[in-house]
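Enquirer: Everything in the sequence shown is counted per full-length UniProt numbering, starting at 1 for the first residue and increasing by one. Glycine included, every Cβ here is placed at the ideal spot set by N, Cα and C.
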Amino acid sequence: MQNNIALPELSLRPCTPADSQFFYELKKLVLFHYVQAIWGWDEQVQQQFHADNFHPNQTQIILWQAQPVGTIELLEDNEKIFISSLYIHPDYQNKKIGSFLVQQQIHKAKASGKKVALEVLRLNTRAQKLYSALGFVTIPNNDTIKLYMQNNCTS
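#1: In this structure, how does DSSP classify Thr154 when only helix, strand and coil are distinguished?
#2: If you draw a straight line from the alpha carbon of Tyr131 to that of Met149, how long is it in whole angstroms?
#3: By how many angstroms is the C-alpha of Glu119 removed from the C-alpha of Leu74?
#4: Tell me which residues share the same chain as residue 157 and place their Cβ nearer than 8 Å to its Cβ, disregarding the 5 neighbours each side in the sequence.
#5: Out of Val116, Asp143 and Asp19, state which residue places its alpha-carbon closest to the alpha-carbon of Leu123.
#6: Taking a contact to mean a Cβ-Cβ separation below 8 Å, would you say Ile38 touches Ile139 in this structure?
#7: Since Ala117 is in the alpha helix (DSSP H), which residue starts that stretch and which ends it?
#8: Hey, quick one: how far does the beta strand (DSSP E) through Tyr87 stretch, first residue to last?
#9: Are the CB atoms of Ser84 and Leu134 within a distance shorter than 8 Å?
#10: Please say whether Ile72 and Leu86 have beta carbons closer to each other than 8 Å?
#11: What are the boundary residues of the alpha helix (DSSP H) that Ile97 is part of?
#12: Measure the alpha-carbon distance for Ile97 versus Val69 and round it to whole angstroms.
#13: Can you tell me which of the three DSSP states Glu43 falls into?
#14: I'd like to confirm the pairing. Which residues does DSSP put opposite Arg13 in its beta bridges?
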């Protein structure tokens, strides 16, 4: 993806265990007010959750002009690409980075006959609008905290 015509400033690199603190601090910066509103932020609980759920082998670091500005975590199976997380530093949001990366996964899924799926906090209406604009639809569920969304990659 380096030197991509659409976003030449954007590149990805593999995440390593050394990126754990960057990932945690970014997630905290991006999600703090949502987590605070839903459960209340407990630093110890959040650090333990991160320790239990940080998967560098499934994650890439998003670079903007060679500086780390975000992360994307992907899981892929025979039927779908699941975007486990996509965090972009607030200073780098509204630069089409998230849209570009999600569209990449849609194109990849379409080429292999798969779907793209994700979950988003119900309070995060901004992300929901982005995903809807990219062709994702909400999958009905009874979860009061998260929405499940899917793009069938047919058009």
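Expert: Judging by the given coordinates:
#1: In the three-state reduction of the DSSP assignment, Thr154 falls in the coil class, being assigned neither a helical nor a strand state.
#2: Distance between the alpha carbons of Tyr131 and Met149: 8 Å.
#3: Spanning the two alpha carbons is a distance of roughly 12 Å.
#4: Outside the displayed range of the chain (1 to 155) lies residue 157, so it cannot be described from this structure.
#5: The shortest C-alpha separation from Leu123 is found at Asp143.
#6: Between Ile38 and Ile139, the CB-CB gap reaches or exceeds 8 Å.
#7: According to the DSSP assignment, Ala117 belongs to no alpha helix (DSSP H) but to the beta strand (DSSP E) extending over Lys115 to Leu121.
#8: It spans Lys80 to Ile88 - the beta strand (DSSP E) in which Tyr87 sits, taken as one unbroken run.
#9: Contact: no.
#10: Going by C-beta atoms, Leu86 is nearer than 8 Å to Ile72.
#11: For Ile97, the uninterrupted alpha helix (DSSP H) segment begins and ends at Ile97 to Ala111.
#12: Put simply, the backbone Cα of Ile97 is about 10 Å away from that of Val69.
#13: DSSP, reduced to helix, strand and coil, places Glu43 within a helical segment of the structure shown.
#14: According to DSSP, residue pairing for Arg13 in a beta bridge involves Ile61.
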